[in-house]
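If you read the sequences in order, they're chains A and B.
The working numbering applies: residue 1 is where the first sequence begins, and numbers increase by one.
The working numbering applies: residue 339 is where the second sequence begins, and numbers increase by one.
Written out below as structure tokens is the structure these notes cover.
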Amino acid sequence: MKKFRIPAALPVLALCLGVSALIIFLFSSAPGETLYYFFPAVLSNRLYTGEMLNTMVLLSLTGLGIVLSFRAGSFNLGGEGQVYTGAICAVLAARLLPDLPGALGIPVLLAAGVLGGALLAFISGILKALWNVDDLISTFLLSSGVSKVIDYLISGPLSDPDSYLMTTVPLPEKYRLASLMIPSPFNISFILPLLLLPLFHWFLNHTRQGYELQITGSSSSFARHSGLNTGIYQTLPLTVSGALHGLAGALVLTGTYFAGIQGLTSGLGWNGIAVALIAGNKVPGLLPAALFFAWITQGSRIAVLHSDLSLELGAIIQGVLFLLISSAVLRIKIRRGR
Amino acid sequence: MILAIFGSATPLILAALGGLLTERAGILNIALEGMILGSAFAAVIVGGMTGSLALAVLAAIGAGVLAALLFNLGTFTLKGNPFITGLGINVLVPALTVSISQSLYGNQGIIRPDGLSGISRIGGMDIFIPLALLLAVLLQIIFFRTRKGLIIRSCGEQEDLLRARGINPVSIKKEMVIYSGLFSGLAGAALSLGLGVYVPGMSAGKGWIALVAIYLGYRKVPGVVAACLLFSLAEWGANRAQGFLGVPPTLILSFPYFMTMAALWLFSVKKRKKVDCSGGFRVN
């Protein structure tokens with residue numbers, strides 16, 4: 001029988017919530033009310049709950065991408081750019097193929113997003129495998145550069161001539177994922193993490209390739225001397241990680257915004273890293289971690305909306321979380337061998 | 339033209355020198371970006387209130403050191419991953435500056451106090467330019483001609499050796515992070531006081547480019563300075579290209595990242611030829 005184990009990140013999460021409450025008490029004139037909006041109000045209506053669940057779905061996908069690359073010893077810091085690329089590739093696909101039926105069109109759009117994200121990460125992966133270019137820096141640089149190019153595409157060549165906002169032409173109705181909780185954007189895509197998470201868990205822990213990937217991750221020189229093809233394990237996990245980010249980007253487009261708007265990633269890439277760390281780099285922890293993160297993001301959004309808080313509560317909490325999350329001191333020690 | 343290039347290179351050089359200190363001590367300082375932004379903000383706020391150059395610079399250094407202390411808290415006191423804590427600072431600082439600017443000025447945008455433009459100019463030249471070059475020379479001397487420099491370098495290369503000689507490498511690292519906060523503070527001050535204005539997100543990837551300049555410059559002071567100058571030259575060229583090639587300005591913003599990427603790649607190709615894959619640096 002498996003005993004229930006307390007997640008190692010629990011003290012950090014508690015501390016983080018404590019800090020958030022403290023910030024609210026310091027800056028808000030009606031702290032009680034603000035705290036209500038910050039925490040339980042998320043479940044108070046369908047819009048808030050649905051938005052939160054939608055964020056959770058997207059975060060679990062990007063978080064999965066980060067876990068996969070971490071396990072292979074790669075750092076994927078380009079999540080933001082990969083999500084953005086996924087979204088813009090889906091926009092382009094919709095533009096090039098306007099006449100597909102919806103049931104075929106949506107998968108094509110998603111596939112375009114997956115390809116875009118994968119390609120961006122693949123460049124970093126192949127550079128690492130061939131020339132030992134540091135993936136941590138190259139993913140970040142490529143992603144930042146590409147993000148600026150996409151900003152340009154959205155404001156220039158792809159912009160909607162009928163709109164005053166910085167946005168592309170909205171997707172036709174048939175290419176949109178229908179909401180399951182009107183008016184929130186929560187949609188059928190929740191099935192994807194439910195399929196992909198167990199799949200990757202099985203792959204990492206119950207296949208030969210998954211095992212070799214983790215060996216490469218924990219010691220690439222050992223892996224090389226054991227005769228493993230480390231180049232593959234330095235390139236492919238990063239590529240798949242980019243693919244998952246691209247998928248999240250295409251889902252944001254087809255399920256949430258329906259048009260390519262500037263900054264639609266809203267931190268999905270960075271927050272995916274936080275989610276992966278909260279989950280302790282393990283696939284089973286991803287869903288609760290994504291739930292926690294989606295909840296505090298949504299909570300701080302509602303709190304800022306409804307109260308006198310003018311500050312970037314969400315970003316501050318996120319920053320504090322990053323500062324504390326990797327701490328070894330604040331982690332509950334899990335006893336082994338008992 | 340040369341002055342313009344040196345002027346835009348100055349914040350980069352200062353930040354890169356700060357990053358070099360921690361890098362030599364074995365810590366990759368991701369937080370440079372946040373440190374620069376925070377001190378640029380502090381410099382304009384205090385400079386706008388007091389009108390004094392010295393106080394503005396002091397405030398900038400204070401902000402940089404504060405961010406460095408936070409970095410130390412997360413990385414050493416709480417034993418976190420330096421990379422993630424650095425990221426935390428980069429997320430936290432912009433959010434805090436926006437909040438502070440909102441409560442002080444009631445807006446979240448550009449801050450342009452009166453009488454601040456040209457405050458750092460003395461005799462037609464930005465005082466930060468000679469300061470940056472002076473600090474570069476000083477750092478070169480400290481690294482290779484003093485006992486302290488030897489300790490810093492061995493901290494990054496042979497930690498056990500230091501421990502065997504009764505010196506705690508962690509305290510050296512903490513000290514270097516504080517110094518990098520100080521340097522980033524100067525970088526932030528050079529950035530915002532040079533223009534006399536604070537723009538949200540004005541660090542615009544400078545902290546990252548500074549990090550890459552460190553690797554491009556082979557982790558040596560003259561090389562790092564040269565790399566920073568090279569970036570500024572490229573940036574200057576890109577801005578010029580905007581004028582006569584008609585490249586849209588939003589697209590120009592992506593150039594520094596791609597150029598840095600290309601430089602990093604060429605550097606790695608060259609290194610790969612020299613030493614056969616003896617493993618690069620790694621943060622974990």
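Don't be surprised by glycine CBs; every beta carbon is placed ideally from N, CA and C.
Note that the coordinates shown come from a computational prediction; the quantities given were computed from them, not determined experimentally.
Checking contacts by CB at 7 Å: is residue i closer than that to chain A?
| i | result |
| --- | --- |
| phenylalanine 414 of chain B | no |
| glycine 426 of chain B | yes |
| serine 616 of chain B | Low per-residue confidence applies at serine 616 of chain B: pLDDT is 44, beneath 50, and the placement is therefore not dependable enough to give any value. |
| valine 585 of chain B | no |
| glycine 447 of chain B | no |
| asparagine 419 of chain B | yes |
| leucine 430 of chain B | yes |
| arginine 610 of chain B | yes |
| tyrosine 595 of chain B | yes |
| serine 606 of chain B | yes |
| threonine 348 of chain B | no |
| glycine 385 of chain B | no |
| alanine 353 of chain B | no |
| leucine 341 of chain B | no |
| arginine 557 of chain B | no |
| leucine 476 of chain B | no |
From the DSSP output, read off the bridge partner residues of residue i.
| i | result |
| --- | --- |
| asparagine 187 of chain A | A:Ser179 |
| serine 159 of chain A | A:Thr168 |
| aspartate 464 of chain B | B:Arg459 |
| tyrosine 536 of chain B | B:Ile449 |
I'd like to know if residue i contacts chain B, where contact means its C-beta is closer than 7 Å to some C-beta of that chain.
| i | result |
| --- | --- |
| threonine 265 of chain A | no |
| glycine 337 of chain A | Interpretation of glycine 337 of chain A is limited by its pLDDT of 38, a score under 50 that renders its predicted location unreliable; no figure is taken from the coordinates. |
| glycine 36 of chain A | This sequence places tyrosine at residue 36 of chain A; glycine is not what is there. No, its Cβ sits nowhere closer than 7 Å to a Cβ of chain B. |
| methionine 1 of chain A | Below a pLDDT of 50, predicted positions are generally treated as unreliable, and methionine 1 of chain A, at 43, falls in that range; the measurement from the model is reported next regardless. No, no contact with chain B. |
| tryptophan 295 of chain A | no |
| tyrosine 164 of chain A | no |
| tyrosine 211 of chain A | no |
| valine 329 of chain A | yes |
| alanine 223 of chain A | no |
| serine 60 of chain A | no |
| asparagine 365 of chain A | Coverage of chain A is limited to positions 1 through 338, which leaves residue 365 of chain A absent and any answer about it impossible. |
| alanine 315 of chain A | yes |
| proline 326 of chain A | Per the sequence shown, the amino acid found at residue 326 of chain A is serine instead of proline. Closer than 7 Å: yes. |
Shortest alpha-carbon distance to residue i belongs to which of the options?
| i | options | result |
| --- | --- | --- |
| leucine 53 of chain A | A:Leu213, A:Ala303, A:Ala9, A:Ile182 | A:Ile182 |
| isoleucine 505 of chain B | B:Ile490, B:Gln446, B:Ile516, B:Ser518 | B:Ile490 |
| valine 114 of chain A | A:Val91, A:Ala274, A:Leu43 | A:Val91 |
| isoleucine 106 of chain A | A:Arg176, A:Gln298, A:Ala290, A:Gln209 | A:Arg176 |
| serine 147 of chain A | A:Gly86, A:Val133, A:Val329, A:Ala111 | A:Gly86 |
| glycine 246 of chain A | A:Thr34, A:Ser218, A:Gly78, A:Glu312 | A:Gly78 |
| valine 429 of chain B | A:Ile302, A:Gly269, A:Glu173, A:Pro284 | A:Gly269 |
| isoleucine 374 of chain B | B:Asn445, B:Leu416, B:Val403, B:Leu359 | B:Val403 |
| leucine 10 of chain A | A:Gly314, A:Leu313, A:Ser307, A:Phe293 | A:Phe293 |
| glycine 63 of chain A | A:Ile273, A:Leu104, A:Leu26, A:Ser44 | A:Ile273 |
| serine 377 of chain B | B:Thr598, B:Gly519, B:Val550, B:Leu583 | B:Gly519 |
| isoleucine 449 of chain B | B:Leu469, B:Gly386, B:Ser509 | B:Gly386 |
| serine 155 of chain A | B:Val515, B:Gly389, B:Leu352, B:Pro586 | B:Pro586 |
| leucine 238 of chain A | A:Arg71, A:Leu47, A:Ala111 | A:Arg71 |
| glycine 523 of chain B | B:Phe344, B:Lys417, B:Ala354 | B:Ala354 |
| glutamate 573 of chain B | B:Tyr556, B:Phe593, B:Ala565 | B:Phe593 |
| alanine 14 of chain A | A:Asp99, A:Phe258, A:Ile278 | A:Ile278 |
Below 9 Å on C-beta distance, what does residue i contact in chain B?
| i | result |
| --- | --- |
| isoleucine 137 of chain A | Trp546, Leu549, Val550, Tyr553, Thr598, Met599, Leu602 |
| glycine 156 of chain A | Pro586, Thr588, Leu589 |
| glutamine 318 of chain A | Gly426, Val429, Leu430, Ala433 |
| phenylalanine 140 of chain A | Trp546, Tyr595 |
Taking Cβ-Cβ distances shorter than 7 Å, what residues in chain B pair up with residue i?
| i | result |
| --- | --- |
| glutamate 312 of chain A | Ala433, Val436, Ser437 |
| leucine 277 of chain A | Ile422 |
| tyrosine 152 of chain A | Pro586, Thr588, Leu589 |
Quick one: is the Cβ of residue i within less than 6 Å of any heavy atom of the ligand FMN?
| i | result |
| --- | --- |
| aspartate 135 of chain A | Looking at this structure, you won't find the ligand FMN or any other ligand, since it has none at all. |
Run down chain A in chain order and give the residues with a C-beta less than 7 Å from the C-beta of residue i.
| i | result |
| --- | --- |
| glycine 543 of chain B | Ser144 |
| serine 592 of chain B | Gly145, Lys148, Val149 |
In chain A, which residues lie with their C-beta within 9 Å of the C-beta of residue i?
| i | result |
| --- | --- |
| leucine 408 of chain B | Leu323 |
Give the residues of chain B in contact with residue i, contact being defined as C-beta atoms less than 8 Å apart.
| i | result |
| --- | --- |
| tryptophan 270 of chain A | Leu425, Val429 |
- Query: At which residue ranges does the segment 195-283 of chain A contain complete alpha helix (DSSP H) runs of 4 or more residues, listed in the order of the chain?
  - Reply: Counting whole runs of 4 or more residues, the segment 195-283 of chain A contains the alpha helix (DSSP H) stretches 208-218, 220-225, 230-251, 268-278.
- Message: Going residue by residue through the segment 460-524 of chain B, where are the continuous alpha helix (DSSP H) segments of at least 4 residues, counting only ones entirely within it?
- Response: 466-483, 485-495, 497-502, all fully within the segment 460-524 of chain B.
- Message: Could you tell me which whole alpha helix (DSSP H) segments of length 4 or greater appear in the segment 91-155 of chain A?
- Response: For the segment 91-155 of chain A, whole alpha helix (DSSP H) runs of length 4 or above, ordered along the chain, are 102-131, 135-155.
- Query: Counting only runs that start and end within the segment 538-602 of chain B, where is the alpha helix (DSSP H) found for 4 or more residues in a row?
  - Reply: If you keep only unbroken alpha helix (DSSP H) runs of at least 4 residues inside the segment 538-602 of chain B, you get 544-554, 559-583, 587-590.
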